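Engineer:
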Ligand SMILES: NC(=O)c1ccc[n+]([C@@H]2O[C@H](COP(=O)([O-])OP(=O)(O)OC[C@H]3O[C@@H](n4cnc5c(N)ncnc54)[C@H](O)[C@@H]3O)[C@@H](O)[C@H]2O)c1
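Residue numbers (my numbering): 145 to 526.
Structure below.
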């Protein structure tokens, strides 16, 4: 059982290190009523517009009646920043924190240190980089996400963003709302997707779905990953493996980022890497903003080296008013939305409920959901 494994590994760690902090944490974990805190984005007037809108503060993942009927305390907020925020008030005595990448509650080492009762960090969605995973592992916490819950949502969105950039859609839309009509202003840099070389960096669940969706567009498909995809899928999609990322970059007309934010991928696309890309490259990044060097992207968009950049992930989130990506030319950015469609919300709400149920019973989670388990990070985060 996951929690028991955590307890055992904590005891082993103490025996090895002589430290008492892990033991203290485990001794605070008592059976019975738990304090669960959820941090989500607020819906305000939009909440009543759709009965399935569960991913917001008001919807609370649809968990409130169930949790409260079992005697648990469930606090939900969007107030996550600064020393006086609502989240901070509950840090000292919460047992479970449910957070979401769409409105990330940054779980720093400092917060983990203060959270003496905390056992479990659940991500409603995919991508737990808003948690200091090393600090969580050292503290004997379990971190898990709803793996696979919104991969279709993101792959579909990426396909849309590729087409938006290739066809130069955004300036055309702006012309319509500003009362203009200038075909040339759009057409001079609008292309077909057919025949272009598209490379995905990261070909996990989302990357593979994107490759399958791109297949009918008759592109040249490339992928770079730590691991090769199944030969059958390679055959089906025609995607070619590129072991050397730097050798792949100059071949691509369009680059899509599909790997997690880890210590290895943070800032991976800096000025030098971007310089290796083809002049006029289009980039779609729905993975994580911090995989890119923010200013290097803005500069390359200004110089025209990057001819278009689209994505929904930023650092930090919400993006401040002065974030350079808001003002760079040829961008088609949105707030973080691709993985929070109503369909995705229902899936990740169900996944969170399933893990809470298992946690209350002391049972393991589906193996692929673990990001930190028994003091160890999942392989791609190491
Ligand atoms: N925008 C959104 O709403 C949204 C929603 C879901 C996921 N995401 C992001 O997308 C990421 C990918 O999701 P997924 O479900 O496809 O995950 P996944 O774990 O199925 O796939 C990730 C892939 O990246 C590869 N990878 C990891 N580190 C690498 C490295 N250093 N170099 C090359 N390849 C590397 C892995 O081998 C794996 O194949 C998530 O981690 C998350 O950050 C964003």
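Just so you know, even glycine gets a beta-carbon here, dropped at the ideal spot from N, CA and C. For clarity, every value in this text was computed on a predicted model and none was experimentally measured.
Beta-carbon within less than 6 Å of residue 259's beta-carbon, same chain only, minus the 5 sequence neighbours each way: which residues are those?
Structural biologist: By one-based count along the chain shown, residue 259 stands at place 115. Hits under 6 Å: 235.
Engineer: With respect to 7 Å, is the separation between the Cβ of residue 408 and the closest non-hydrogen atom of ligand 1 below this value?
Structural biologist: Within the chain shown, residue 408 is the residue found at index 264, counting from 1. Yes, ligand 1 has a heavy atom inside 7 Å of this Cβ.
Engineer: Report the residue from 286, 179 and 476 whose alpha carbon sits nearest the alpha carbon of residue 519.
Structural biologist: Position 375 of the chain shown, counting from 1, holds the residue named residue 519. Among 286, 179 and 476, the Cα nearest to that of residue 519 belongs to 286.
Engineer: What residue range is occupied by the uninterrupted beta strand (DSSP E) comprising residue 289?
Structural biologist: The residue labelled residue 289 in the question sits at position 145 within the chain shown. Note, residue 289: beta strand (DSSP E), 286 to 289.
Engineer: Could you compute how far the alpha carbon of residue 249 sits from the alpha carbon of residue 183?
Structural biologist: For the purposes of this step, residue 249 is identified with residue 105 of the chain shown, where counting begins at 1. For the purposes of this step, residue 183 is identified with residue 39 of the chain shown, where counting begins at 1. Residue 249 and residue 183: Cα-Cα distance of roughly 7 Å.
Engineer: Got a sec? Which residues, its chain only, sit under 6 Å from residue 274 by beta carbon, not counting five neighbours each side?
Structural biologist: To locate residue 274, count along the chain shown from 1; it is residue 130. Contacts found: 248 and 250.
Engineer: In terms of alpha-carbon separation, which member of 522, 326 and 188 lies closest to residue 511?
Structural biologist: Counted from its first residue, the chain shown places residue 511 at position 367. Residue 511 has its Cα closest to that of 522, out of 522, 326 and 188.
Engineer: Between residue 477 and residue 369, what straight-line distance do the alpha-carbon atoms span, to the nearest angstrom?
Structural biologist: By 1-based counting over the chain shown, the position of residue 477 is 333. By 1-based counting over the chain shown, the position of residue 369 is 225. Whole-angstrom Cα-Cα distance: 25 Å.
Engineer: Does ligand 1 have even one heavy atom less than 7 Å from the beta-carbon of residue 357?
Structural biologist: Translated into positions along the chain shown, residue 357 becomes position 213. No; taking the cut-off as 7 Å, the Cβ of residue 357 has no heavy atom of ligand 1 nearer than that.
Engineer: Can you tell me where the beta strand (DSSP E) holding residue 177 begins and where it ends?
Structural biologist: The residue given as residue 177 occupies position 33 in the chain shown. That residue, residue 177, is in no beta strand (DSSP E); it is neither H nor E in DSSP.
Engineer: Sorted by chain position, which residues of the same chain lie with C-beta nearer than 8 Å to residue 315's C-beta, five sequence neighbours on each side aside?
Structural biologist: Position 171 of the chain shown, counting from 1, holds the residue named residue 315. These residues qualify, in order along the chain: 329 and 330.
Engineer: Taking its Cβ as the centre, do 16 or more other Cβ atoms sit within 10 Å of residue 291, making it buried, or is it exposed?
Structural biologist: Working through the chain shown from its first residue, we reach residue 291 at position 147. With 16 or more Cβ atoms within 10 Å of its Cβ, residue 291 is classed as buried.
Engineer: Grouping DSSP H, G and I as helix and E and B as strand, with all else coil, what is residue 457?
Structural biologist: Position 313 of the chain shown holds residue 457. In this structure, residue 457 counts as coil in the three-state DSSP scheme.
Engineer: If you drop the 5 nearest sequence neighbours on each side, which residues of the same chain put their C-beta closer than 6 Å to that of residue 350?
Structural biologist: Taking the chain shown and counting its residues from 1, one reaches residue 350 at position 206. Cβ neighbours of residue 350 beyond the five flanking positions: 295, 298, 299 and 402.
Engineer: May I ask you to report which of helix, strand or coil DSSP gives residue 294?
Structural biologist: To locate residue 294, count along the chain shown from 1; it is residue 150. Reduced to three states, the DSSP call for residue 294 is coil.
Engineer: What residues match up with residue 427 in a beta bridge as DSSP calls it?
Structural biologist: Within the chain shown, residue 427 is the residue found at index 283, counting from 1. Partner(s): 399 and 453.
Engineer: Check whether the Cβ atoms of residue 489 and residue 284 lie closer than 8 Å to each other.
Structural biologist: Walking along the chain shown from the start, residue 489 turns up at place 345. Walking along the chain shown from the start, residue 284 turns up at place 140. No, Cβ-Cβ distance for residue 489 and residue 284 is not below 8 Å.
Engineer: Any heavy atom of ligand 3 inside 7 Å of the beta-carbon of residue 295?
Structural biologist: Although ligand 3 was asked about, the structure shown includes only ligand 1 as ligands.
Engineer: Does ligand 1 have even one heavy atom less than 7 Å from the beta-carbon of residue 480?
Structural biologist: Taking the first residue of the chain shown as position 1, residue 480 is located at position 336. Yes; taking the cut-off as 7 Å, the Cβ of residue 480 has a heavy atom of ligand 1 nearer than that.
Engineer: Under 7 Å from any heavy atom of ligand 1, does the C-beta of residue 403 make it?
Structural biologist: Within the chain shown, residue 403 is the residue found at index 259, counting from 1. Yes, the Cβ of residue 403 comes within 7 Å of a heavy atom of ligand 1.
Engineer: Less than 8 Å between the beta carbons of residue 396 and residue 422, yes or no?
Structural biologist: Residue numbering aside, residue 396 sits at position 252 when the chain shown is read from its first letter. Residue numbering aside, residue 422 sits at position 278 when the chain shown is read from its first letter. It is a contact, given that the beta carbons lie within the stated cut-off.
Engineer: In this structure, what does DSSP give as the bridge partners for residue 343?
Structural biologist: The residue you call residue 343 lines up with position 199 of the chain shown. Bridge partners of residue 343: 366 and 399.
Engineer: Taking three-plus beta-carbon pairs below 8 Å as touching, is the segment 335 to 345 in contact with the segment 356 to 368?
Structural biologist: Touching, per the Cβ criterion.
Engineer: Between the segment 219 to 236 and the segment 263 to 272, do three or more beta carbon pairs fall short of 8 Å?
Structural biologist: The segment 219 to 236 is not in contact with the segment 263 to 272.
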